[in-house]
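Positions in the sequence shown are counted from 1; adding 21 to them yields this note's numbering.
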Amino acid sequence: TYTGGSRPQWNLSFSPGGHYEIMCRATDKAGNVEDMHATADANFTYDATPPDLPDFGAVYWFHDVPTFSVTFHDDYQLNTIQYRPNFITDWTVIASHINQSTYTANWTLPDSYWDVMQSNQSYYLLFMINVTLGNIRAITNISQALQMRIDTVKPTVAIELPSQETFHATNEHFNITAVANDVGGSGIESMQLLYQYSTDGNNWTGDW
Numbered sequence: 022t023y024t025g026g027s028r029p030q031w032n033l034s035f036s037p038g039g040h041y042e043i044m045c046r047a048t049d050k051a052g053n054v055e056d057m058h059a060t061a062d063a064n065f066t067y068d069a070t071p072p073d074l075p076d077f078g079a080v081y082w083f084h085d086v087p088t089f090s091v092t093f094h095d096d097y098q099l100n101t102i103q104y105r106p107n108f109i110t111d112w113t114v115i116a117s118h119i120n121q122s123t124y125t126a127n128w129t130l131p132d133s134y135w136d137v138m139q140s141n142q143s144y145y146l147l148f149m150i151n152v153t154l155g156n157i158r159a160i161t162n163i164s165q166a167l168q169m170r171i172d173t174v175k176p177t178v179a180i181e182l183p184s185q186e187t188f189h190a191t192n193e194h195f196n197i198t199a200v201a202n203d204v205g206g207s208g209i210e211s212m213q214l215l216y217q218y219s220t221d222g223n224n225w226t227g228d229w
C-alpha cells in the first residue's frame, strides 16, 4: 500500500519466474475504495533465477562411445542447452527453443571426441544453459561438470580351490573363493559362478 505523493513506486519481489499481471486500486481519505478492474493494468514476464545446476551424480564410466541422458530444469522456461568436452573450445547445441521448465536431453558423444580420449584419464563435459529471458547457467568449472572416464580393459577373476585344481569333495559343503580384479578401472559390479555337470567325468552337459 502506498500513501505518499502522486507517483507511487513499489519495490516488489516475485517468485517463481513466469507471467504476471498487476492492478492498482486507490482508497481516498474518506474510505472510498476504487472498484476492482476488469482487466490487468499491466503485465510482464519475469525470471531472475538462473537454471538449476543438474545433478550429474558419480563418475560416468564407458567402454565405447557413450550416450548421455541428463535432466535440466528452470523455474520458468529453458531455451538452449549447449555442451563441450573440457578439451574442446567450441560449444555444441544439444537442444534449442525448448520452452519448457524441465527437459531431458539425450545425445551421443561424437566419434571425433571419443577417438582422442584415453583410458585412466578424467574428462569433463561443460554446459551452457540459457533460459527464455536470457539468464544463463555456465557450468565451466570441472567441480560442477559431468565427469567421465574410459575403461576398455576387461576385469579378471582367479578361482581359489580348497587345495588343487582337481580335487575330490567328501563333504556335502565346501568353499570356493573367487578373487576379481579391475585395477585402475571402473570397479567390479557383479560376478558369476558357472559350472557344468557330468555323471562319468567324460560326457558333460556342454552348457555353462
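The C-beta atom is built at its ideal place from N, Cα and C for all residues, glycine as well.
Is the separation between the beta-carbon of residue i and that of residue j shorter than 7 Å?
| i | j | result |
| --- | --- | --- |
| L74 | V152 | no |
| A79 | I102 | no |
| T198 | E181 | yes |
| R170 | P71 | no |
| F77 | W128 | no |
| T226 | Y218 | yes |
| E55 | A47 | yes |
Tell me the rounded alpha-carbon separation between residue i and residue j.
| i | j | result |
| --- | --- | --- |
| M20 | D95 | With the chain covering 22 to 229 only, the question about residue 20 has no answer from this structure. |
| C45 | L33 | 13 Å |
| K175 | Y97 | 45 Å |
| G208 | A69 | 43 Å |
| L146 | T220 | 57 Å |
| N107 | L214 | 41 Å |
| N224 | H194 | 24 Å |
| I150 | G206 | 32 Å |
| S164 | F148 | 12 Å |
| T173 | V91 | 24 Å |
| V114 | N196 | 55 Å |
| G17 | Q30 | Missing from the structure shown is residue 17; the chain here goes from 22 to 229 and no further. |
| W112 | H118 | 16 Å |
| N192 | G222 | 19 Å |
| S36 | S122 | 14 Å |
| N120 | E42 | 20 Å |
| N202 | N156 | 47 Å |
| R28 | A59 | 23 Å |
| Q142 | D228 | 39 Å |
On a Cα-Cα basis, can you pick out the residue from the options that is closest to residue i?
| i | options | result |
| --- | --- | --- |
| Y134 | H58, A166, G205 and P87 | P87 |
| P131 | D203, I160, R105 and A59 | R105 |
| T110 | M169, T161, A47 and F83 | T161 |
| H40 | S164, I115, S117 and A63 | A63 |
| Y144 | I43, Q30 and Y81 | Y81 |
To the nearest whole angstrom, what separates the beta carbons of residue i and residue j, a pair I think is in contact under 8 Å?
| i | j | result |
| --- | --- | --- |
| T66 | L167 | Contact flag wrong, Cβ pair sits at about 31 Å. |
| Y124 | F83 | Actually they do not touch by this definition, with Cβ atoms about 23 Å apart. |
| V200 | V178 | 7 Å |
Please confirm if the region 51-67 is in contact with the region 137-148, defined as three or more CB-CB distances below 8 Å between the two stretches. no
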